[in-house]
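Top line first, the protein sequences correspond to chains S and V. Position one of the first sequence corresponds to residue 1352 (my numbering), numbered consecutively onward. Position one of the second sequence corresponds to residue 1352 (my numbering), numbered consecutively onward. Quick notes on the structure that follows.
2 protein chains.
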Amino acid sequence: MGLVVQKFGGSSVGDIDKIKNVAYRVIEESNQGHQVVVVVSAMGDLTDELIALARQTGPNQSEREMDMLLTTGEQQSAALLAMTLNNMGCAAVSLTGWQGGVATEQVHSKARITDIKPDRIEKELTQNKIVIIAGFQGLSPNGEITTLGRGGSDTTAVALSAVLKADICDIYTDVEGVYTADPRLVPDAKKLEFVSYDEMLELASLGAGVLQPRAVEFAMQHNVRIQVRSSFKMEPGTLVVEGGKMESNRIVTGVAHDLNVAKLALFDVPDQPGIASTIFQALAEASINVDMIVQADMRDGRNDIAFTVCKDDLHLALPVVERVAKDIGASGTSCGQDLAKISIVGAGMTSNPGVAATMFAILADENINIHMISTSEIKVSCVIDAPLINAAINAIHKRFNL
Amino acid sequence: MGLVVQKFGGSSVGDIDKIKNVAYRVIEESNQGHQVVVVVSAMGDLTDELIALARQTGPNQSEREMDMLLTTGEQQSAALLAMTLNNMGCAAVSLTGWQGGVATEQVHSKARITDIKPDRIEKELTQNKIVIIAGFQGLSPNGEITTLGRGGSDTTAVALSAVLKADICDIYTDVEGVYTADPRLVPDAKKLEFVSYDEMLELASLGAGVLQPRAVEFAMQHNVRIQVRSSFKMEPGTLVVEGGKMESNRIVTGVAHDLNVAKLALFDVPDQPGIASTIFQALAEASINVDMIVQADMRDGRNDIAFTVCKDDLHLALPVVERVAKDIGASGTSCGQDLAKISIVGAGMTSNPGVAATMFAILADENINIHMISTSEIKVSCVIDAPLINAAINAIHKRFNL
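Next comes the structure, spelled out in structure tokens:
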């Protein structure tokens, strides 16, 4: 007999019919003789509706009060799933984050889990109950209700899996697994049987979006086996596991893309220590998330620095960049919209030096101009014109035999 | 500087505009230099909506899971009111029942408060914050979230008032106070300046419905000054206080009525110990609430027993009564619908023996037949035909000079 942690996101528990579907998945696992711990998110759009209500109260919402408000969503889903299971003849009990022993830092809206005391969960499991935990939430040392940030239910599920030594952490979602590319853009994209934690991290942060990066990091650190699978289909999904367990001959695992990209540049920035810090500190103070950062070759002791932000943040970033450019004596600035980022990810890249060059060649063959390049050990990202993204993904997907 | 506890029901926090109205009432009290603790119910129809969702999960809902589900409603209102106050420049913090230290029995859906540990509330008050408590809920010794039953927010407010030694517990509602009769039926019904706890208890249980009877009992035991007042108007409401503080020359305080009445009778019941117990035990086992019970004069060692139930319960009560009638050898049964109960309430009745007779005379003058009579120390109730209730109330209201 094993122990399985199942996590169901908001779209999987959007109404009572969907919650009944979830209950069948839970019972199926239980009927195989496993102990089952279920982590649920808030129903469908409830979190967004609560945020809209909160905004009606005035311009400011304290993060503490937002946490008080939003955590009710997961508590509702958990109770409704427990009732549904009970009505199907299956003993089940719902627990809030604090009842489940989820302890976090004294931080609101994006707390980290510091510990999980599983006493209550284990007590309920030994009484042969399905245990349902409200995801996304915990309790701070000061007795405050905290949240783990958007998608935090993934982190709850993975952390519980680590503490309870679960055999597997099944993340149920509305896609069937992790694909070699977005199946909506690439008709012959394939579902991957395995990805490594590193690959999943790059894919997640690059917009493949099926799993929270923090949850993947946690899983990697605590060696939790994750499976990404469909709430609505029975087939196995994609296993996220240690790199060593993977097929070693796979160089590129998948192609990810992100259409929400804007580019900013500062020209002729003085080549002095602290200049980059000045620029990006100013952006951080304005709460602007910077993604890729590229510094071009030095000419006469001066540099160009370019970086990307979310499209939505461009109007916030632009005045900051213009102010900083003036302060530090840059010769000018530029910005570009209607851009996209395309990335190849693969743990095999480290030992295959020609991969980046192959990617650039494929894009050149398609007459696609590259605006920016950034690389990591297992990833190569290029910024290109947004209208060309479809051609780029399909060409790369085909030429790397994904 | 005093301490005021304010309680706002569901209709007072039905949407954000109403919550803003509540915030003004809170700030007004705070501006007078008082510390303010606010108890809120769930928004408008939210509790009913959650119950409807729960019913969709199947025929049965465990009380424990219902408590998990329903307590989210008050938590949401509390957080939204805190945000609203913050946006008006007023420091405020929302607390769940367990954060506010509200301890209850290990019972679900109708737990009693066993203790309130006000440490957290007092800490927040000393930091000059308005403290908002989610009403209707507490924490059991086993760490379970419990509820106090419908209208339990009144009890939360009164219990907090007792523990915090509040100067007053203001119960804000959609009526302006306690009236001498229902103002919708009696145009010249007057708002009472004072009622005694006893009178309020009788008025509450007789359908005047502005205050939960349990809350009034609690207030009486702990000598909490309650004021029933309007959420939407500024005038003072009705003070519920010790009998000794009342105007002593008032014999009848008010006329209450209840249109939700059905009558059942068993004829020729054997006059033996245990017979009444057999009848009402059977009804209790069927979860039927019995209101008035009247046993008629003995004839030849046999009695008639009549009682009233809610109209809605009549179809449940009838088969029980017929079965019991057969078992105990009663000669027959009868039932009556389309009935109403009219009651006069007044602490002065005990020392004025003619009050009941006057009431019967008034009804006789109006040609109103009385089907049942029941009296207590401070109340006389009569069951009459429902269509005559308006005439009865107005006649009694006028003749007692209310």
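We put the beta carbon where it would ideally sit given N, CA and C, even for glycine.
Checklist entry - Can you find a C-beta in chain S that's less than 7 Å from the C-beta of A1627 (chain V)? => result At a cut-off of 7 Å between beta-carbon atoms, A1627 (chain V) makes no contact with chain S.
Next on the checklist: Whole angstroms are fine: how far does the CA of D1619 (chain V) sit from the CA of V1734 (chain V)?
Outcome noted: Taking the straight line from one Cα to the other gives about 21 Å.
Item to check | Cutoff 6 Å; reference Y1530 (chain S); Cβ partners in own chain excluding five residues on either side | outcome: For Y1530 (chain S), where only same-chain residues beyond five positions count, the Cβ hits under 6 Å are A1540 and K1542.
Checklist entry - Of all Cβ atoms in chain S, is any one closer than 7 Å to the Cβ of N1438 (chain V)? => result With 7 Å as the cut-off, N1438 (chain V) counts as an interface residue toward chain S.
Checklist entry - Measuring CB to CB, does V1612 (chain V) end up less than 7 Å from A1691 (chain V)? => result Pairing V1612 (chain V) with A1691 (chain V) gives a Cβ-Cβ distance under 7 Å.
Checklist entry - With DSSP run on the structure shown, which of helix, strand or coil describes M1352 (chain S)? => result Looking at M1352 (chain S) - three-state DSSP - the assignment turns out to be coil, as it is neither helix nor strand.
Checklist entry - Going by the beta-carbon positions, is the gap between N1438 (chain S) and T1408 (chain V) smaller than 7 Å? => result Yes.
Next on the checklist: Distance cutoff 7 Å, beta carbons only. Does A1405 (chain S) sit that close to anything in chain V?
Outcome noted: Nearest CB-CB separation between A1405 (chain S) and chain V: below the 7 Å threshold.
Next on the checklist: Helix, strand or coil for N1810 (chain V)? Go by DSSP, reduced to three states.
Outcome noted: This structure leaves residue 1810 (chain V) out entirely; chain V is present only between 1352 and 1753.
Item to check | Proximity below 7 Å, CB of I1485 (chain S) to CB of E1400 (chain S) | outcome: Note that residue 1485 (chain S) is Ala in the sequence shown here, rather than Ile. No.
Checklist entry - To which residues of the same chain is V1575 (chain V) closer than 6 Å at the C-beta, ignoring the five residues directly before and after it? => result Here the set comprises V1509, S1512, A1513 and C1520.
Item to check | Nonlocal neighbours in the same chain, by C-beta distance under 7 Å from T1450 (chain V), ignoring five residues either side | outcome: Looking at the sequence itself, residue 1450 (chain V) is Gln, so the reference to Thr does not match. Cβ within range, chain order: R1471.
Checklist entry - In its own chain, which residues sit with a C-beta less than 8 Å from the C-beta of D1525 (chain S), not counting the 5 before and 5 after it? => result Within the same chain, and ignoring the five residues on either side of D1525 (chain S) in sequence, the residues whose Cβ sits closer than 8 Å to its Cβ are G1360, S1362, S1363, S1581, S1582 and F1583.
Checklist entry - How should A1433 (chain V) be labelled, buried or exposed, when 16 other C-beta atoms within 10 angstroms of its C-beta is the threshold for buried? => result Burial state of A1433 (chain V) is buried, judged by a 10 Å Cβ sphere holding 16 or more other Cβ atoms.
Item to check | Whole-angstrom C-beta distance between Q1563 (chain V) and G1489 (chain V), which should lie under 8 Å | outcome: Rounded, the Cβ-Cβ distance is 15 Å, inconsistent with contact.
Checklist entry - What in chain S is Cβ-close to I1367 (chain V), meaning under 8 Å? => result Simply L1404, Q1407 and T1408.
Checklist entry - Taking just the CA atoms, how far does T1435 (chain S) sit from A1442 (chain S)? => result Going by the C-alpha atoms only, they are around 10 Å apart.
Item to check | Inter-residue spacing [alpha-carbon to alpha-carbon] between A1707 (chain S) and G1448 (chain S) | outcome: Going by the C-alpha atoms only, they are around 44 Å apart.
Checklist entry - Given D1663 (chain S), which residues of its chain have a CB within under 8 Å of its CB, disregarding the five upstream and five downstream residues? => result Excluding its 5 nearest sequence neighbours in each direction, D1663 (chain S) has C-beta neighbours in its own chain below 8 Å: N1611, listed in chain order.
Item to check | Closest Cα partner of M1714 (chain S) within the set S:E1636, S:I1747 and S:I1695 | outcome: The residue you asked about is not Met; residue 1714 (chain S) is Leu in the sequence shown. For L1714 (chain S), the closest of S:E1636, S:I1747 and S:I1695 by C-alpha to C-alpha distance is S:I1747.
Item to check | Selection from S:K1516, S:L1552, S:F1487 and S:G1494 that minimises the alpha carbon distance to T1507 (chain S) | outcome: Answer by Cα proximity: S:F1487.
Item to check | Extent of the continuous alpha helix (DSSP H) run through S1504 (chain S) | outcome: Segment G1503 to L1515, the alpha helix (DSSP H) holding S1504 (chain S).
Next on the checklist: Please report the distance separating the alpha-carbon of V1355 (chain S) from that of D1689 (chain V).
Outcome noted: Roughly 58 Å between the two C-alpha positions.
Next on the checklist: What does the alpha-carbon distance come out to for the pair E1550 (chain S) and A1698 (chain S)?
Outcome noted: Going by the C-alpha atoms only, they are around 6 Å apart.
Checklist entry - Exposed or buried, which one is D1654 (chain V) when buried takes at least 16 other CB atoms within 10 Å? => result Going by the sequence as given, residue 1654 (chain V) is Asn instead of Asp. By the C-beta density criterion, N1654 (chain V) is buried, having at least 16 other C-beta atoms within 10 angstroms.
Next on the checklist: By the three-class DSSP mapping on this structure, what secondary structure does L1634 (chain S) have?
Outcome noted: Of the three classes helix, strand and coil, the one that applies to L1634 (chain S) here is helix, per DSSP.
Checklist entry - Run through DSSP, which three-state label would I1626 (chain S) get? => result In this structure, I1626 (chain S) counts as helix in the three-state DSSP scheme.
Checklist entry - Taking the alpha-carbon positions, what's the Q1427 (chain S) to I1464 (chain S) distance? => result Cα to Cα, Q1427 (chain S) sits roughly 22 Å from I1464 (chain S).
Item to check | Cβ neighbours of V1603 (chain S) in the same chain (closer than 6 Å, five flanking residues each side left out) | outcome: Spatial neighbours of V1603 (chain S) in its own chain (CB-CB distance under 6 Å, excluding positions within 5 residues in sequence) are listed in chain order as I1695, G1697 and F1751.
Checklist entry - Per DSSP, which one or two residues make a beta bridge with G1361 (chain V)? => result Within the DSSP secondary-structure output, G1361 (chain V) pairs in no beta bridge.
Item to check | Whether E1656 (chain V) touches Q1646 (chain V) by CB criterion (7 Å) | outcome: Here the sequence assigns Ile to residue 1656 (chain V), which means Glu is not the residue at that position. Yes, they are a contact pair.
Next on the checklist: Less than 7 Å between CB atoms is the rule here; does L1667 (chain V) satisfy it with respect to chain S?
Outcome noted: Taking Cβ atoms only, chain S never reaches closer than 7 Å to L1667 (chain V), which makes this a no.
Checklist entry - At least one CB of chain V closer than 7 Å to the CB of T1398 (chain S): is that the case? => result It does not; no Cβ of chain V falls within 7 Å.
Next on the checklist: Our contact map puts E1717 (chain S) next to A1742 (chain S) with C-beta atoms below 8 Å; I'd like the distance itself, whole angstroms only.
Outcome noted: Yes, E1717 (chain S) and A1742 (chain S) are in contact; Cβ-Cβ is about 5 Å, under 8 Å.
Next on the checklist: Using C-beta distances below 7 Å, list every residue in its chain close to D1505 (chain V), excluding the 5 sequence neighbours before and after it, in chain order.
Outcome noted: So the qualifying residues of the chain are K1358, I1522, L1562, Q1563 and A1566.
Checklist entry - Rounded to the nearest angstrom, how far is the Cβ of M1419 (chain V) from that of A1429 (chain S), given a contact under 8 Å? => result Confirmed, Cβ separation roughly 7 Å.
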